[in-house]
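Just so you know, we're using this note's numbering here: the sequence shown kicks off at 1181 and counts up by one. First comes the structure, then the notes that go with it.
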Amino acid sequence: MATTNAAQRREQAKMEYNAFLAACPSRQLLDRIADKWVVLILCALGGDAAGQSGPRAMRYSELARLLAGVSQKMLTQTLRSLERDGLLTRTVTPTVPVTVTYELTALGLSLHEMTRGLRHWAQAHMGEVLANREEYDARTS
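As structure tokens, this is what we get:
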């Protein structure tokens, strides 16, 4: 059985993408997908918005209206980063005016399943969390 030195073990750990290691690139991906706008965009494109029945392509303006409070800059940056990561596709249709739609890829759909659970959990437990915050603040004030 071959022995390995510390540098080789670190390199092997990087190849296995262990997020508990400081140098692991999967930490950057965790930062990205933990963002509220990412979660909400994935949920919107995945069909979790009111009246939707399953994943569908959406125009930028639809997303902007649905995601109350998102700035144009933040929405644009988030969509670009999701496209770069292969989680959604951006399709430009040469019409007058040009039509641009966004749609989840297979990879994006697989992540959507996780983000939908997070959104449902947050909505279901927000009252309890707020009560705990009030109780904590009362104790520490």
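Backbone N, C-alpha and C define an ideal beta-carbon position, used for all residues, glycine too.
Can you give the beta carbon distance from residue i to residue j, rounded, assuming they're within the 8 Å contact cut?
{"i": "T1269", "j": "T1279", "result": "Going by Cβ atoms, the distance from T1269 to T1279 rounds to 14 Å, so no, they are not a contact pair."}
{"i": "L1225", "j": "M1238", "result": "6 Å"}
{"i": "R1299", "j": "D1228", "result": "7 Å"}
Per the DSSP calculation, residue i is bridged to which residue(s)?
{"i": "E1363", "result": "This structure cannot settle anything about residue 1363, because the visible part of the chain is limited to 1181 through 1321."}
{"i": "M1238", "result": "Y1282"}
Quick check: the Cα distance between residue i and residue j, rounded to an integer number of angstroms?
{"i": "S1290", "j": "S1261", "result": "17 Å"}
{"i": "E1314", "j": "S1321", "result": "10 Å"}
{"i": "L1267", "j": "Q1232", "result": "20 Å"}
{"i": "G1234", "j": "D1211", "result": "26 Å"}
{"i": "E1191", "j": "V1272", "result": "41 Å"}
{"i": "N1198", "j": "P1277", "result": "46 Å"}
{"i": "Q1252", "j": "P1205", "result": "28 Å"}
{"i": "C1223", "j": "D1265", "result": "17 Å"}
{"i": "A1172", "j": "I1221", "result": "No answer is possible for residue 1172: the residues shown for the chain start at 1181 and end at 1321."}
{"i": "E1293", "j": "E1308", "result": "24 Å"}
{"i": "I1213", "j": "G1297", "result": "13 Å"}
{"i": "Y1316", "j": "G1249", "result": "28 Å"}
{"i": "Q1303", "j": "N1312", "result": "15 Å"}
{"i": "T1184", "j": "E1283", "result": "45 Å"}
Which residues in the same chain have their Cβ closer than 7 Å to the Cβ of residue i, if we skip the five residues on either side of it in sequence?
{"i": "W1301", "result": "none"}
{"i": "Q1188", "result": "none"}
Could you name the residues of the same chain whose beta carbon sits closer than 6 Å to that of residue i, not counting the 5 residues immediately before and after it, in chain order?
{"i": "T1281", "result": "A1237, R1239 and T1271"}
{"i": "S1241", "result": "none"}
{"i": "G1288", "result": "L1267 and L1268"}
Sorted by chain position, which residues of the same chain lie with C-beta nearer than 8 Å to residue i's C-beta, five sequence neighbours on each side aside?
{"i": "T1295", "result": "I1213, V1218, V1219, L1222, C1223 and G1226"}
{"i": "A1186", "result": "none"}
{"i": "L1209", "result": "D1265"}
* Asked: Counting Cβ pairs, one atom from each stretch, are 3 or more of them under 8 Å apart for the segment 1241 to 1257 and the segment 1216 to 1225?
  -> yes
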